[in-house]
Amino acid sequence: MADYLVIVESPAKAKTIEKYLGKRYSVKASMGHVIDLPKSQMGVNVENNYEPKYITIRGKGPILKDLKSAAKKAKKVYLAADPDREGEAIAWHLANSLDMDENAACRVVFNEITKDAIKESFKSPRTIDMDLVNAQQARRVLDRLVGYNISPLLWKKVKKGLSAGRVQSVAVKLIIDREEEINRFQPEEYWKIEGTFQKDKETFSGSFYGLDGKKKSLSSKEDVDEVLAQMKGKDFEVDKVNKRERRRNPAPPFTTSSLQQEAARKLNFKAKKTMMLAQQLYEGIQLSKKEGTVGIITYMRTDSTRVSRVAQEEASQYITDKFGQSYLGTGGVSKAQKGQKAQDAHEAIRPTSTLRDPRALKEYLSRDQFRLYKLIWERFVASQMAPAVMDTMTVHLRNDKVEFRATGSKVKFKGFMKVYIEGNDDQKKEEDKFLPPLEEGMIVHASKVEPSQHFTQPPPRYTEARLVKTLEEMGIGRPSTFAPTLDTIQRRGYVSLDNKRFVPTELGEIVIQLLKEYFPEIINVEFTVQMEDNLDEVEEGKQRWVEVIDQFYKDFETRLVKAEKEIEEVEIKAEPAGVTCEECGHEMVYKMGRYGKFLACSNFPNCRNTKPLLKEVGVNCPKCKEGNVVERKSKKRRTFYGCDRYPECDFLSWDKPISRPCPKCNQLLVEKKTKKETQVQCLQCDYKEAMQQ
């Protein structure tokens, strides 16, 4: 019989920890929370200082009974839930359920699940941190007061199954605001003049800069003609050459937010998937027989970029051995992320050992686990490496009063770029852009001078990565809230994804408009940020959680009464689709579903015929020649292209067809996307061309 009982959240975590602690310890899993507010009612007594009504979660009774039985037999019970507010609350609920002494040193926390970290943490257990617990209680109660009061109102006035929450409502409002900004956008014309220059046998490109040494913008064809008229021939003199060395520093190791952003950019993972995989890597992976089960990354809910001295030293030794002393950086980064305080009790997300090279672990990991671990490992190792050094060169080319400029750069010393380069939503991959050896006074010839018309573009819609970054920069939500927030707003039908970018639905716009009118604080960014700061102060012991809730609820309750009286029932009218139902002959209408609009019979419920809303791509079906190619969604929501005459015609393509035929064989051309670029390719022959932007 084991002398000590250790309780964690998950069986995977329990299995890993039990191996390190030995036979005197029994490790059991609570399977997350065992105690919580009831689902069937609000569970908060507003009249009695917002006292929460906690119950055993349905289905968790046998687990709690088993834990109570094990606790009675043990000499001591240790509570080892995750090292955050949620974990502290789980430990507190367990302590109360198991009748443990509230002053007992029973709480054990660790940032990584490795043998040394586990053994060290059990040397210094502490009491439960009630400030952390109260911060979690405050968030839980606040979300209940908002959700369980506004949601029924939305069900009654708009549609069943809706919900409202502080962070999710702000996220939807940001998406709607961006869409309105795009719709209001007025494109402005501008022009560029690009030149192709030749020096001996080498060519390079440059762009028009200005006249008489002053920068000039080109807003019309007339401006371009004026510049071209001032050029005398095609020869340019090298007027000035500026050479300098530029250093580029590595990105810091991952926080929760930056991990979600980079996994979206580089691996095409949704935030929810990223966190699920990170949890698996943290809790433990079965490696070789010698190593057994081990956690291979540190705790994955953090907004700190701090790195322990031990981890820095191990990484330094690895970098020196692998690449040489010149590649070694000055050490780890420790800073708060922009817009919020860093919860510095945690480290950044990093491998528990730099020596576990991703390639050596590949056979033990699933494909997606491997890809995420490799991303985390490379980012951390790169963060400890020396800056990259770039040689840059700017050349001023003059033809009478007309000035062009050419820039070039090349990597002089790769530094951290030998391992990893941070992704970017806006820019293409950086590549060397060489210029030939040029000196002042040299003459170069312009073989081409080509003007081109352009128009300014509206701001882009939010991708998951952009939205997470924006929420983080504004200080809205915390590391653990981003993934569930993005998942919720899609499941509720408030937004949909179009080409991996968020688009608000009619339903989302209706709900946000109601909140804007009757509960403006719920969608107010400043209010939401202030509330997060208040919760942080509860965690730090600077505010009482009941007072934080009370300050919010007094005004909220008044607004709630007003909204109940004044909000009229919203009828989301079905929009005629202009086609008839092939089953009963009634008109088909547009309906709003979980994944956006679809076609449904207006004779519902007598006729339950529904059809997906198909988006034509402007291409005739290459197989049957009668139908049109339309965009469809697979069961896993992946976009593909097929004939609108399916099942009569079974044409299918994962790549988007384009309207013109192949100039070589007259067959179908498609957009072929790779990690680096999008190309136009023929499905029949070897014809390829660059995609015109």
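So the sequence shown is residues 1 to 693, counted in the UniProt record's numbering.
Cβ atoms here follow ideal geometry from the backbone N, Cα and C, with glycine treated the same way.
Mind the definition here: the region 408-418 touches the region 159-173 only if three or more C-beta pairs lie below 8 Å; say whether that holds. no
Three or more C-beta pairs closer than 8 Å, one from the region 23-38 and one from the region 85-100: is that the case here? yes
Buried or exposed for Asn424, going by 16 or more other Cβ atoms inside 10 Å? Position 424 of the sequence shown, counted from the first residue, corresponds to residue 424. With fewer than 16 Cβ atoms within 10 Å of its Cβ, Asn424 is classed as exposed.
For Ser26, the first and last residue of its enclosing beta strand (DSSP E): Here residue 26 corresponds to residue number 26 of the sequence shown, with the count starting at 1. That run of the beta strand (DSSP E) goes 25-29.
Could you please give me the residues that DSSP links to Thr392 through a beta bridge? Taking the first residue of the sequence shown as position 1, residue 392 is located at position 392. The partner list for Thr392 (beta bridge, DSSP) reads Arg244, Ser409.
Contact belief for Val227 with Ile193 at Cβ below 8 Å, rounded distance in angstroms: In the sequence shown, counting from the first residue as 1, residue 227 sits at position 227. In the sequence shown, counting from the first residue as 1, residue 193 sits at position 193. Indeed, because the Cβ distance is near 7 Å, the residues count as touching under 8 Å.
Compute the Euclidean distance between the alpha carbons of Glu180 and Pro187, then round it to the nearest angstrom. What you label residue 180 is simply residue 180 of the sequence shown in a count that begins at 1. What you label residue 187 is simply residue 187 of the sequence shown in a count that begins at 1. Whole-angstrom Cα-Cα distance: 15 Å.
Neighbourhood of Ala89 by C-beta, 6 Å cutoff - its chain only, sequence neighbours within 5 removed: By 1-based counting over the sequence shown, the position of residue 89 is 89. So the list reads Val133, Gln136, once near-sequence residues are dropped.
Assigned secondary structure, Glu583 (DSSP; H/G/I helix, E/B strand, else coil): Walking along the sequence shown from the start, residue 583 turns up at place 583. The answer is coil: DSSP assigns Glu583 none of H, G, I, E or B.
Output the boundary residues of the alpha helix (DSSP H) element that contains residue 738. Only positions 1 to 693 of the chain appear in the structure, and residue 738 is not among them; the question remains open.
Of the residues Lys591, Asp644, Glu566, Ser634, which one's Cα is nearest the Cα of Lys615? The sequence position of residue 615 within the sequence shown is 615, counting from 1. Checked all of Lys591, Asp644, Glu566, Ser634; the closest Cα to Lys615 is Asp644.
Round the Cβ separation of Val670 and Leu652 to the nearest angstrom and send it over; I've been treating them as touching at under 8 Å. Here the question's residue 670 lines up with position 670 in the sequence shown. Here the question's residue 652 lines up with position 652 in the sequence shown. Not quite, the Cβ-Cβ distance comes to about 12 Å (not below 8 Å), so this is no contact.
What is the DSSP secondary structure of Ile253, reduced to helix, strand or coil? Taking the sequence shown and counting its residues from 1, one reaches residue 253 at position 253. This sequence places Pro at residue 253; Ile is not what is there. Pro253 falls in the coil class under three-state DSSP.
Can you list, in chain order, the residues of its chain whose CB lies under 6 Å from that of Val579, leaving out five sequence neighbours each side? The count along the sequence shown starts at 1 and reaches residue 579 at position 579. The answer, listed in chain order, is Met588.
Taking the straight line between their C-alpha atoms, what separation do you get for Ala264 and Val561? Position 264 of the sequence shown, counted from the start, is the residue given in the question as residue 264. Position 561 of the sequence shown, counted from the start, is the residue given in the question as residue 561. Each residue's alpha carbon lies about 42 Å from the other.
Is the beta carbon of Ile349 less than 8 Å from the beta carbon of Thr302? Counting from 1 along the sequence shown, the entry for residue 349 is found at position 349. Counting from 1 along the sequence shown, the entry for residue 302 is found at position 302. Yes, Cβ-Cβ distance for Ile349 and Thr302 is below 8 Å.
Can you name the start and end residues of the alpha helix (DSSP H) that His93 belongs to? Translated into the one-based positions of the sequence shown, residue 93 becomes position 93. Per DSSP, His93 belongs to the alpha helix (DSSP H) from 85-97.
What is the DSSP secondary structure of Asp303, reduced to helix, strand or coil? Position 303 of the sequence shown, counted from the first residue, corresponds to residue 303. Looking at Asp303 - three-state DSSP - the assignment turns out to be coil, as it is neither helix nor strand.
Note down the Cα distance separating Gly210 from Glu403, rounded to an integer number of angstroms. Translated into positions along the sequence shown, residue 210 becomes position 210. Translated into positions along the sequence shown, residue 403 becomes position 403. Taking the straight line from one Cα to the other gives about 5 Å.
Is it true that the region 485-503 meets the region 461-469, where meeting means three or more beta-carbon pairs spaced less than 8 Å apart? yes
Quick check on Pro83: buried or exposed, where buried means 16 or more other Cβ atoms within 10 Å of its Cβ? Numbered from its first residue, the sequence shown carries residue 83 at position 83. Pro83 comes out buried.
For Phe370, which of helix, strand or coil comes out of DSSP? Residue mapping note: residue 370 aligns to position 370 of the sequence shown, counting from 1. Residue state, collapsed to three classes: helix.
Go ahead and pull the three-state DSSP assignment for Ser288. Your numbering for residue 288 matches position 288 in the sequence shown. Three-state DSSP puts Ser288 in coil, outside helix and strand.
Does DSSP classify Leu328 as helix, strand or coil? Numbered from its first residue, the sequence shown carries residue 328 at position 328. Strand, per DSSP.
Rounded C-beta distance between Asp239 and Glu440? I'm assuming under 8 Å. Numbered from 1 along the sequence shown, position 239 holds the residue referred to as residue 239. Numbered from 1 along the sequence shown, position 440 holds the residue referred to as residue 440. Yes, Asp239 and Glu440 are in contact; Cβ-Cβ is about 7 Å, under 8 Å.
If you compare alpha carbons, which of Gly43, Tyr148, Thr56 is closest to Phe556? On the sequence shown, position 556 is the one that residue 556 refers to. It is Tyr148 whose Cα lies nearest to the Cα of Phe556.
Extract the residue ranges of the alpha helix (DSSP H) inside the region 35-90, only unbroken runs of 4 or more that lie entirely within it. Correct list: 61-73.
Please identify the residue among Glu473, Phe598, Ile319, Val617 whose C-alpha is closest to the C-alpha of Asn609. As a position in the sequence shown, residue 609 is number 609, starting the count at 1. The option with the nearest alpha carbon to Asn609 is Phe598.
Report all residues from its chain with a CB closer than 7 Å to the CB of Thr56; omit the five preceding and five following residues, and keep chain order. What you label residue 56 is simply residue 56 of the sequence shown in a count that begins at 1. If we look at Thr56 and ignore the five residues flanking it on each side, its Cβ neighbours are Val34, Ile35, Leu64.
Let's see if you can read the secondary structure: which residues bound the alpha helix (DSSP H) around Phe204? Here residue 204 is taken as the residue at index 204 of the sequence shown, counted from 1. It is not in any alpha helix (DSSP H) - Phe204 instead sits in the beta strand (DSSP E) that spans 202-211.
What do you reckon, are the CB atoms on Val546 and Asn111 nearer than 8 Å? Position 546 of the sequence shown, counted from the first residue, corresponds to residue 546. Position 111 of the sequence shown, counted from the first residue, corresponds to residue 111. Not closer than 8 Å, so no.
What distance in whole Å lies between the Cβ atoms of Gln384 and Ile297, which are believed to be in contact at a cut-off of 8 Å? By one-based count along the sequence shown, residue 297 stands at place 297. By one-based count along the sequence shown, residue 384 stands at place 384. With a Cβ gap of about 16 Å, Ile297 and Gln384 do not count as contacting.
Other residues of its chain near Ala117: CB distance less than 6 Å, five sequence neighbours each side excluded: By 1-based counting over the sequence shown, the position of residue 117 is 117. Excluding its 5 nearest sequence neighbours in each direction, Ala117 has C-beta neighbours in its own chain below 6 Å: Phe110, listed in chain order.
Would Leu145 be called buried (16 or more neighbouring beta carbons within 10 Å of its own) or exposed? Stepping through the sequence shown from its first residue, residue 145 is reached at position 145. Leu145 is buried by the Cβ-count criterion.
May I ask you to list the residues that DSSP assigns as paired with Lys448? In the sequence shown, the residue the question calls residue 448 occupies position 448. Partner(s): Thr196.
What three-state label does DSSP hand Phe556 in the structure shown? Taking the first residue of the sequence shown as 1, we reach residue 556 at position 556. The answer is helix: DSSP assigns Phe556 an H, G or I state.
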